[in-house]
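K.L.:
Dumping the structure here so I can ask a few things about it.
What follows is the structure in structure tokens.
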């Protein structure tokens, strides 16, 4: 099996209440790739400038991510984002967004990338997501992420992209913006009317919900002692989630999707413990498996019968 | 076994995006009592004015709540609260708080109420909570709730009350206000340094966490199609939680506390579906049990082994 991800590759500058970094490797496709690399061969498709150097490639290669489809734009600069997290880390303010080479990004997939069994369309222009999805005609499981910007200014194109995938991954405020529905399940079902058979609603520090046509499933965030930097947590979650489906041959049965929620949750919890990719870059499969088992333990209860009056 | 609750009995006026009520039965001790009544004999201790009539007593008696220790202040008026929930129902604005007879409330417990095996101190002045706790010397499990006001203006008295109970129930913003800790587990452990062996952190629409000295346990809110009115959800949760412990003879073992989290979650989910006490007043034990089983199902996953790379 193989897994292709298309999306942003970036340098991030981040300040949180616990410190900061002036320039660190980031971008949705990077965080996703590192997380998914525990499950399958991962090909990453995205643009970089000639400021993207050996050190950055080394992080990806350290997890055996296949970088052949990273498009290097000579004379260009890599996408740069800087932001500051507020005291409670529930919100962040963007200081600067320099799209640079990302502004004119038109994904070019090698035959190997097109042949992927599983595809993840990270948050890019919806029209490009649809274009890529069509190029990967044989993919058995395709998921996409998006953002408030596209819901606001490119809604029709986003609906077209959503209609062409199996699973949509958004956070709860995006679902509410998209549908006007405040309840997670009701909002997810409205989005699924466009075609997808599953939807993941990310709840930030509170975990995530999986919604299928007639069921839902809930996991809390894995509790950590300390959150250094939430940047990339959602993409790490997606990498673990989609990666787990890929490891099961693209099988999107309820049992696999639920397990995938647990793997996504576990990897995201490591991501936030340090800045950027720092923690996930040296993560081990054993550490991930331990947290999945632990997540199961801290959510399980015996439905002992109480005789109610 | 028997269970005593001390706290507010009120009339509430509420507006939510889905409607409103001008005057409905409410108050922490009322919501708690109705929820706990499914598990044990419940005695409610709290003050009312002579505007508290047969209709209000009928709601409590309809669930067999023992109202002998409701103190009726002749010529007094019952505590009145009015509030408006904002569009997303994540926050509410208080329009009016008339403490009325609640302002000078000094709990007087009958011998039967003092003999309770399990005691819940709903949100009242911390010094009164401690006073009541001392009167119920033989209680094997005592829990308390509080609020931001007491954390801000009566911290020492609140610490003294906390030191005298087995379990503290607060929401996550109160825990952060109390401890300065943003992470749920770290914050709860700081509060538990004052003595309690367990703490419940309510996460509103996202569920709740149980924190013990060396473990944690997490449940999502039970997903409902429609939230009419969140008023009393936290007290209904507490009633189901503490009630379940009472049904187990005050046993606060991990297995019982986890199950109690599930019962609290189930009853709270009914509470929010209609205004005030309307839904819980006609709830059945079978409906509660069904949601507990369903909650278990929508949070359980098989920890199938994925061979990670």
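Protein chains in written order, with my numbering: chain A, 153 to 461; chain B, 153 to 461.
For glycine and all other residues, C-beta sits at the position ideal for the given N, C-alpha and C.
1) Under three-state DSSP, which class holds residue 342(A)?
2) Beta carbons nearer than 7 Å to chain B: which residues of the segment 306-339 of chain A have them?
3) Confirm, please, whether the CB-CB distance from residue 299(B) to residue 362(B) is below 8 Å.
4) Does the beta-carbon distance from residue 355(A) to residue 320(A) come in below 8 Å?
5) Look at the alpha carbon of residue 387(A) and the alpha carbon of residue 334(A), and state the distance between them as a whole number of angstroms.
6) Determine which residues share a DSSP beta bridge with residue 154(A) and list them.
7) By the 10 Å Cβ neighbour count, where 16 or more other Cβ atoms means buried, how is residue 263(B) classified, buried or exposed?
8) Below 8 Å between beta carbons: does that hold for residue 187(A) and residue 395(A)?
9) Kindly indicate which residue of 460(B), 358(B), 268(B) and 218(B) has the alpha-carbon position closest to the one of residue 336(B).
10) Would you grab the beta carbon distance between residue 261(B) and residue 303(B) for me? Rounded to a whole angstrom, and I think it's under 8 Å.
11) To which residues of the same chain is residue 287(B) closer than 6 Å at the C-beta, ignoring the five residues directly before and after it?
12) Strictly below 8 Å CB to CB, what residues from chain B border residue 375(A)?
13) With respect to 7 Å, is the separation between the Cβ of residue 425(B) and the closest non-hydrogen atom of the ligand ZN below this value?
14) If you measure beta-carbon to beta-carbon, which residues of the segment 428-452 of chain B are closer than 7 Å to chain A?
15) For residue 349(A), count neighbouring C-beta atoms within 10 Å of its own C-beta (all shown protein chains included) and say buried if the count is 16 or more, exposed if not.
16) Can you have a look at residue 511(A) and say buried or exposed, based on whether 16 or more other CB atoms are within 10 angstroms of its CB?
17) Between residue 163(B) and residue 176(B), which are expected to be in contact by the criterion C-beta below 8 Å, what is the C-beta distance as a whole number of angstroms?
18) Just the C-alpha distance for residue 434(B) and residue 294(B), rounded to the nearest angstrom, thanks.
19) In the DSSP output, what is residue 368(A) paired with across the bridge?
20) Spatial neighbours of residue 389(B) within its chain, please: CB distance less than 6 Å, with the 5 preceding and 5 following residues excluded, ordered by chain position.
21) Name, please, each residue of chain B whose Cβ falls closer than 7 Å to the Cβ of residue 240(A).
22) Mind listing which residues of the segment 386-401 of chain A have their C-beta closer than 7 Å to chain B's C-betas, in chain order?
23) According to DSSP, what are the bridge partners of residue 232(B)?
24) Assuming residue 295(B) is part of the alpha helix (DSSP H), what are its boundary residues?
25) Pairing CB atoms from the segment 276-285 of chain B with CB atoms from the segment 158-173 of chain B, are three or more of them under 8 Å?
26) Taking residue 235(A) as the reference, which of 323(A), 314(A), 172(A) and 279(A) has the closest Cα?
27) Below 9 Å between beta carbons is the criterion; list the residues of the segment 177-190 of chain B that meet it against any residue of chain A, in chain order.
28) Just to confirm, is the Cβ distance from residue 424(A) to residue 380(A) under 8 Å?
29) Closest to residue 438(B) by C-alpha separation, out of 429(B), 422(B) and 213(B), would be which residue?
P.N.:
Well, looking at it:
1) helix
2) 334, 335, 336, 337 and 338
3) no
4) no
5) 23 Å
6) 193(A)
7) exposed
8) yes
9) 358(B)
10) About 26 Å; that fails the 8 Å criterion.
11) 261 and 266
12) 335, 336, 337, 361, 368 and 370
13) In terms of ligand content, the structure shown is empty, and the ligand ZN therefore cannot be addressed.
14) 437, 440, 441, 444, 445, 448, 450, 451 and 452
15) exposed
16) Since the first residue shown for chain A is 153 and the last is 461, residue 511(A) is missing from the structure and cannot be characterised.
17) 7 Å
18) 28 Å
19) 363(A)
20) 416 and 420
21) 334
22) 396 and 399
23) 163(B) and 250(B)
24) That residue, residue 295(B), is in no alpha helix (DSSP H); its beta strand (DSSP E) goes 293-297.
25) yes
26) 172(A)
27) 189 and 190
28) yes
29) 422(B)
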